Structure formats: C-alpha cells, structure tokens
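These notes concern the structure reproduced below.
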Amino acid sequence: MELERRGVVAPLVVTETFLPLVQAQARARRVEPRLVVVPHPVGGLNEAELAGRIEGAAAELLRMADEARGGA
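With UniProt numbering, letter number 32 in the sequence shown gets 32, and the count goes up by one each step, no holes.
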C-alpha cells in the first residue's frame, strides 16, 4: 500500500477471506489500493486448482498494468 501512496502501481493479490482486513488497513492508511481478489483458500490446492487461480489473477494483473500505462 505504501508503494501505491508513492505513485507506484502495485496491485495486491488477496483472497476473499482477507479482503475485509485489507480494506480496513487501506482505510487506516488513507490509500485506495488496486486489488485482485481470488477465491480462498490458495494453500492446499492441487496443481490444476492453483493454475486456475493464477490464470484468473494474471489476467486481472495484466489489465491493471495496461491501464497504468495508459492503455485499454
């Protein structure tokens, strides 16, 4: 979150379960972080399940990167 405050595009990947905690910290720090929310849990997944989570998050991260560069 500190990087975002300094103008560096730094999306956070967070699971649904921890989203309220991240939002509370963001409010306390007075920042609006870029968030990529993935289903919980991430630990304990098999290879195929984890690959699906990664693909979804990667697509959103790429979209955010394009947006930050002035594209899309």
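Even glycine gets a Cβ: it sits at the ideal position worked out from N, Cα and C. Values in this document were obtained by computation on a predicted structure and should not be read as measured data.
1. Kindly confirm or deny that the segment 52-70 and the segment 24-32 touch, where touching means at least three C-beta pairs closer than 8 angstroms.
2. Using the DSSP secondary-structure output, state which residues sit across from T15 in a beta bridge.
3. So the candidates are L45, A48, L12 and E16; which of them puts its Cα closest to the Cα of P33?
4. Please identify the residue among M1, H40, V9 and V42 whose C-alpha is closest to the C-alpha of A24.
5. Considering only residues of the same chain and omitting the five flanking positions on each side of P39, which have a CB-CB separation below 8 angstroms?
6. So what does DSSP say about G56, is it helix, strand or coil?
In brief:
1. Too few Cβ pairs lie closer than 8 angstroms, so no.
2. Taking the first residue of the sequence shown as 1, we reach residue 15 at position 15. For T15, which the question treats as bridged, DSSP gives the partners V38.
3. Taking the first residue of the sequence shown as 1, we reach residue 33 at position 33. Comparing alpha carbon positions, the residue from L45, A48, L12 and E16 closest to P33 is L12.
4. Position 24 of the sequence shown, counting from 1, holds the residue named residue 24. If we check each option's Cα against that of A24, M1 comes out closest.
5. On the sequence shown, position 39 is the one that residue 39 refers to. Within the same chain, P39 has close Cβ partners T15, E16 and R53.
6. Stepping through the sequence shown from its first residue, residue 56 is reached at position 56. G56: helix per DSSP, three-state reduction.
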